[in-house]
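Here the structure is laid out as structure tokens; the discussion comes afterwards.
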């Protein structure tokens, strides 16, 4: 299977957990997998995804974004 997103929120400063957190984040970066490490951002992301209907999503061409692309 493929992992599409990693959410890794450090909650403890014990050495073993810090090592595990580092390995998780490093692996996500190595595989070009999006990574969220901030609790507030993770909450907002989950809220946004859960309130979105599949029918509301549309694939757009880059040109359709106009001046929003830099």
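Residue numbers (this note's numbering): 83 to 152. All C-beta atoms, glycine included, are put in the ideal place defined by N, C-alpha and C.
The secondary-structure analysis by DSSP pairs residue 88 across a beta bridge with 117. For residue 102, the enclosing alpha helix (DSSP H) covers residues 97-112.
The C-alpha of residue 109 is placed about 18 angstroms away from the C-alpha of residue 97.
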